[in-house]
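Residue numbers (our numbering): 8 to 400.
Contents: one structure, followed by commentary.
Rendered as structure tokens:
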């Protein structure tokens, strides 16, 4: 079984490029060039240099002793929260801005939910001196105000999406509309492992630095490259894709994907796509999608602005369908408690997205000598208001 993308842009039955004709030249230009550009020694050199000196990689692999003690297993945290801008998103935006420059693009657009991808895009645009427009749902703008301020300070224009649920899905729709209207000079930096081929694969490859580092770091810590489990939260799925990438074809490594159950999988207020989703097309790819019986996309819900997406990346849809990954659904309440627990036990305030991944330890029992690597995808600064209101701090 192959878990990587094939030459037609599919992971099993998921993926592809379902795009309006007007976008075909843009997507095709990217498809024809992305692997070639990424393989150039000059590109590699510049990308790795920026990851090291600008992003601050490698991010540490930290044995969380008190957390491990509590759950009687070995829990390692891959500290993506320590990256410049506070999350894994910067790995991909650094890669894509270098790609955009090599393709001669002068204007960058992006979509964002929690604002982390928007900040990471605004950051690399400032670094490279390119115009930056970020589309963000009106609701997300309200609940992620610090990130909106950061984007503006970095010189980006933040455009509110006022349609639909006014969250991530709608911001993505607006960004795609912009791209159709500005096809020649604009590159769309998609922040998740979603979208028309080659985006899911390109984003995954840029994020694969995460599992590449885990391998040698685990060798240093444990004398072996392979953990027993790799765990990551999934919205669209880029931090998860990067965390799993080098382990996809290692059968002894169990993959756990953690989705947002919101108020409960059957509550009608959820974002657990693997349970609730059926095959459909969203934002240019065929994947699992939450929808009504007649195919209308249903509104997802999660307390986490980064996980309330009605679909999931095609790679993850394939991992769910084939059973390669175990999907777990975590409620708002479980995630918030797990986030606070990490604060109290390890002195680390996680993003609410990452807290979903941490919440599995209350749900699933691991063996004492299991090595479980959890992607700590982001830090909780942006979520302080949510934590404060939730726990009445």
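In this text, a Cβ means the ideal position worked out from N, Cα and C, and glycines have one as well.
Take residue i as the anchor and find which of the options has the nearest alpha-carbon.
i	options	result
residue 157	91, 173, 213, 98	91
residue 213	187, 223, 182, 251	251
residue 378	32, 72, 15, 61	72
residue 13	322, 58, 335	322
residue 312	304, 193, 361, 285	361
residue 128	160, 111, 150, 146	160
residue 334	106, 349, 237	237
residue 382	336, 389, 391, 240	240
residue 146	139, 133, 177	177
residue 134	288, 287, 337, 60	60
residue 8	148, 258, 235, 36	258
residue 40	105, 10, 228	105
residue 31	183, 140, 331	183
residue 269	315, 286, 391	315
residue 340	376, 317, 318, 369	369
residue 62	131, 36, 85, 25	131
residue 204	233, 26, 222, 229	26
residue 356	380, 48, 84, 227	84
Roughly how many whole angstroms lie between the Cα atoms of residue i and residue j?
i	j	result
residue 80	residue 109	46 Å
residue 242	residue 266	7 Å
residue 202	residue 225	32 Å
residue 307	residue 297	8 Å
residue 175	residue 28	24 Å
residue 120	residue 168	11 Å
residue 46	residue 328	31 Å
residue 43	residue 172	38 Å
residue 68	residue 301	46 Å
residue 114	residue 51	23 Å
residue 256	residue 274	35 Å
residue 126	residue 142	11 Å
residue 78	residue 367	10 Å
residue 162	residue 116	13 Å
residue 18	residue 57	30 Å
residue 22	residue 207	8 Å
residue 98	residue 279	26 Å
residue 38	residue 70	39 Å
residue 365	residue 350	12 Å
residue 16	residue 34	12 Å
residue 271	residue 11	31 Å
residue 188	residue 317	25 Å
residue 164	residue 140	5 Å
residue 218	residue 338	27 Å
Locate the alpha helix (DSSP H) running through residue i, then write down its first and last residues.
i	result
residue 369	367 to 370
residue 74	72 to 78
residue 103	96 to 109
residue 394	391 to 398
residue 161	Looking at the DSSP string, residue 161 is not in any alpha helix (DSSP H), and its letter there is neither H nor E.
residue 41	31 to 46
Tell me which same chain residues have a C-beta within less than 7 Å of the C-beta of residue i, skipping the five on either side of it?
i	result
residue 374	80
residue 397	343
residue 199	210, 242, 243, 244, 245, 320
residue 179	118, 290
residue 112	192, 193, 194
residue 305	297, 298, 299, 317
Within the same chain, show all residues whose beta-carbon is closer than 6 Å to that of residue i, passing over the 5 residues directly before and after it, in chain order.
i	result
residue 103	196
residue 95	87, 246, 384
residue 75	81, 82
residue 284	295, 296, 297
residue 138	114
residue 401	This structure cannot settle anything about residue 401, because the visible part of the chain is limited to 8 through 400.
residue 293	21, 23
residue 185	116
residue 309	267, 269, 278, 315
residue 230	none
residue 49	none
residue 181	142, 168
residue 387	356, 357, 358
Mind checking which residues open and close the beta strand (DSSP E) that includes residue i?
i	result
residue 86	81 to 86
residue 294	292 to 296
residue 166	164 to 168
residue 305	That residue, residue 305, is in no beta strand (DSSP E); it is neither H nor E in DSSP.
residue 264	261 to 269
residue 287	285 to 289
Less than 8 Å between C-beta atoms, sequence neighbours within five positions excluded: which residues of the same chain meet that for residue i?
i	result
residue 401	Here the chain covers residues 8 to 400 and nothing more, so residue 401 does not appear.
residue 332	251, 262, 263, 264, 323, 326
What residue ranges within the region 327 to 382 form continuous beta strand (DSSP E) runs of no fewer than 3 residues, ordered along the chain? The region 327 to 382 contains these whole beta strand (DSSP E) runs: 332 to 338.
Whole alpha helix (DSSP H) runs in the region 175 to 247 with 4 or more residues, listed along the chain? Secondary structure remark: continuous alpha helix (DSSP H) runs of at least 4 residues inside the region 175 to 247, in chain order: 175 to 188, 206 to 214, 216 to 229.
Output the residue ranges of the beta strand (DSSP E) runs that lie fully inside the region 117 to 148 and measure 3 residues or longer, sorted by chain position. For the beta strand (DSSP E) assignment, the uninterrupted runs of no fewer than 3 residues enclosed by the region 117 to 148 are, from N- to C-terminal side, 138 to 144.
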